[in-house]
Amino acid sequence: MNRREFARLLAIGGAVPFLTPGTAWPRPADLPPTPASPDERFWMSVREQFVMPPDLAILNAANLCPSSAPVLETLYKVTKDMDQDPSMENRAKLGDGRENTRKLLADFLRVTPEEIVITRNTSESNNLVSTGLDLKAGDEVLLTADNHPSNHTAWQEKAKRFGFTVKDIPTPNPHPGFEYYVDAFTKAITPRTKVIAFTHLTSTVGDLFPAKELCRLARERGILTLVDGAQTFGLLDVDLSDIQPDFYSGSAHKWPCGPKENGVLYINKSAQPKIWASIFSAYPGRVGVSKTFEGFGQRDEPAMIAFGEALQLQTKIGRAAIEKRSRELTQALIKGIGKIDGVKIWTSPEASRTVAVLSFQPGNLDVRKLSMALYQKDRIGCATRGGQDRPGLRFSPHFYNTHNDVEKAVAAVKKYMATGV
Ligand SMILES: Cc1ncc(COP(=O)(O)O)c(C=O)c1O
-16 MNRREFARLL AIGGAVPFLT PGTAWPRPAD LPPTPASPDE RFWMSVREQF VMPPDLAILN
44 AANLCPSSAP VLETLYKVTK DMDQDPSMEN RAKLGDGREN TRKLLADFLR VTPEEIVITR
104 NTSESNNLVS TGLDLKAGDE VLLTADNHPS NHTAWQEKAK RFGFTVKDIP TPNPHPGFEY
164 YVDAFTKAIT PRTKVIAFTH LTSTVGDLFP AKELCRLARE RGILTLVDGA QTFGLLDVDL
224 SDIQPDFYSG SAHKWPCGPK ENGVLYINKS AQPKIWASIF SAYPGRVGVS KTFEGFGQRD
284 EPAMIAFGEA LQLQTKIGRA AIEKRSRELT QALIKGIGKI DGVKIWTSPE ASRTVAVLSF
344 QPGNLDVRKL SMALYQKDRI GCATRGGQDR PGLRFSPHFY NTHNDVEKAV AAVKKYMATG
404 V
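So for the sequence shown, the numbering used here puts the first residue at -16; every next one is plus one.
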């Protein structure tokens, strides 16, 4: 087309026949039904649902997971529809989509939509709890010592403001066992204890906490519980009707492989009268606690709808199968890395006390340099931990990883331990 023809096309208002580069990607083949015993071939077809190039082994799910192609497609399609016609009439249907995601979240966690708040991430969910409870001088909050700042610094700062006290339950390494924690909390509880807050699975070394037992202990004494589920939501087949916490938090962009800046806060019906909403604005949710708790102003509704798509993909694959796969890959990693001379593993050697996080110190190697070499030379993504407290490298595999990724990671660490970086 020459310049004159192009100008004529614009003048008559016709569509310019160019696509914006990079807005399309090949659609993956349909996912086959999950076999009774999923094999490596099945998991390869799961891997193909993600747009990461096949040679890239990202072992960093505890930090951020990729969205699958169906999630990206939903996000793109709904955003485009909204921006092509941003009238209130066209956008009305987005509210229905958001409520559908709430229902999917409730099914996923086995609770009711009336107990679900769609937040922006775990940090926000945790902070809505520590800000919203009526705590005062004389009250006490018990925390596990190994918590994310959104569930640790947040309580400490609010304690300064409102006058309550915060006490840490130590978290020794290696994981001392579930009974140790039930016992430690039982001993630490006093008549002043009002809240117990802990991380279901720690991001540091992958210590799993006995959520059901700790929630029962607290409930029997009239104490509220906040379970930080950032590292279990979308990884474990979490059943909140069984665990029965008062509050549970999670992020879409971690293990559920959903869009960024979406999260969940579960508020048990019995705890709802005990917590204040922190933000009051327009556009709350339509049912239950979301009517008062979720009025955060204008939201990214296409992302909220894509969040639902992510949950549906996991449900289709099977949540128990996903949990089993992540456990299996982690154990294979622990076995492989554990055989390398000079490596110190921080993650529990007991398979029942951990899930999909492996932290280890690779001898005297500089972990930043090692992580950079793994990424640049071996196409492996992971996380590092500096400082003196359990420093090293962290691998966190998920259902889009394969045994090939595990073997590649073990071989690469072995190579650098032998040659240096
Ligand atoms: C245990 C735990 N809680 C909370 C968070 C915060 O998650 P987000 O950044 O999605 O708010 C993280 C992030 O890694 C985490 O590991």
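Every residue gets a Cβ at the ideal spot worked out from N, C-alpha and C, and that includes glycine.
The structure presented is a predicted model; accordingly, all values stated were derived computationally and were not measured.
Neighbourhood of residue i by C-beta distance below 6 Å, restricted to the same chain and skipping five residues each side
i	result
Ala167	Ile152
Leu209	Val112, Ala180, Phe230
Ile(-5)	Legend: pLDDT at Ile(-5) = 49, less than 50; position of this residue unreliable, no value from coordinates given.
Phe(-11)	Reliability fails at Phe(-11), whose pLDDT of 43 lies under 50, so the model's placement of it is uncertain and no value is given.
Glu244	Arg103
Gln227	Cys198
Nearest-angstrom Cα separation, counted from residue j out to residue i
i	j	result
Val54	Asn156	38 Å
His131	Ser186	8 Å
Asp90	Ala401	49 Å
Pro96	Leu248	11 Å
Arg202	Pro256	16 Å
Trp259	Leu197	24 Å
Tyr231	Gly189	18 Å
Leu14	Arg302	15 Å
Glu311	Thr330	15 Å
Leu207	Ala213	19 Å
Lys318	Pro332	9 Å
Gln281	Val340	36 Å
Leu125	Asn134	11 Å
Val272	Thr84	15 Å
Gly78	Gly291	13 Å
Asn251	Glu72	34 Å
Glu82	Ala12	29 Å
Gln359	Gly375	18 Å
Leu353	Gly233	30 Å
Pro4	Gly370	43 Å
Asp283	Gly217	21 Å
Pro69	Gly241	24 Å
Per-residue DSSP class, three states only, for residue i
i	result
Gln255	helix
Pro345	strand
Thr102	strand
Leu118	coil
Leu14	coil
Leu92	helix
Leu126	strand
Ser20	coil
Tyr399	helix
Thr313	helix
Phe25	helix
Pro4	coil
Thr385	coil
Pro132	helix
Val112	helix
Val393	helix
Beta-carbon proximity list for residue i, same chain, < 7 Å, skipping 5 on both sides
i	result
Val396	Ile320, Ile323, Pro345
Glu107	Gly246
Thr385	Glu23, Trp26, Met27, Arg30
Ser224	Arg93, Val94
Pro18	Phe25
Gly325	Gly346, Met400
Val221	Leu92, Gly212, Thr215
Asn43	Gly364, Cys365, Ala366, Ser379
Ala120	Gly146, Phe147
Phe279	Ile262, Ser264
Distance between beta carbons of residue j and residue i, contact taken as under 8 Å
i	j	result
Pro239	Gln297	6 Å
Phe192	Tyr164	6 Å
Phe33	Ala52	7 Å
Arg351	Cys365	Contact doesn't hold; Cβ gap of about 11 Å is too wide.
Ser261	Gly115	6 Å
Ala286	Leu58	6 Å
Ser309	Phe382	6 Å
Pro49	Met35	6 Å
Leu219	Glu277	Contact flag wrong, Cβ pair sits at about 25 Å.
Ala394	Ile363	Not quite, the Cβ-Cβ distance comes to about 10 Å (not below 8 Å), so this is no contact.
Asn110	Ala142	Actually they do not touch by this definition, with Cβ atoms about 14 Å apart.
Beta-carbon contacts of residue i that lie in its chain and below 8 Å, excluding the five residues immediately before and after
i	result
Lys274	Pro267, Gly268
Thr169	Leu200
Arg204	Ile172, Thr176
Lys150	Glu123, Val124, Leu125, Leu126, Ala171
Val403	Reading off the sequence shown, one finds Gly at residue 403, where the question assumed Val. Cβ neighbours of Gly403 beyond the five flanking positions: Leu348.
Near ligand 2: residue i beta-carbon under 7 Å from a heavy atom
i	result
Ala213	Only ligand 1 can be found as ligands here, which leaves ligand 2 out of the picture.
Worksheet item: Which parts of the stretch 139 to 220 are runs of the beta strand (DSSP E), unbroken and 3 residues or longer, counting only runs that do not cross its ends?
Response: Those beta strand (DSSP E) runs which fall completely within the stretch 139 to 220 and span 3+ residues are 148 to 152, 176 to 182, 207 to 211.
Item to complete: Could you tell me which uninterrupted alpha helix (DSSP H) segments, each at least 4 residues in length, are contained entirely in the stretch 31 to 86, listed from first to last along the chain?
Response: 52 to 67
Fill in: Ordered list of beta strand (DSSP E) runs contained in the stretch 317 to 381, each at least 3 residues
326 to 328, 341 to 345, 366 to 368, 375 to 378
Worksheet entry | 3 or more residues per run - each beta strand (DSSP E) lying fully within the stretch 221 to 304 | Under the rule that a run must span 3 or more residues, the beta strand (DSSP E) segments found entirely inside the stretch 221 to 304 read 230 to 234, 246 to 250.
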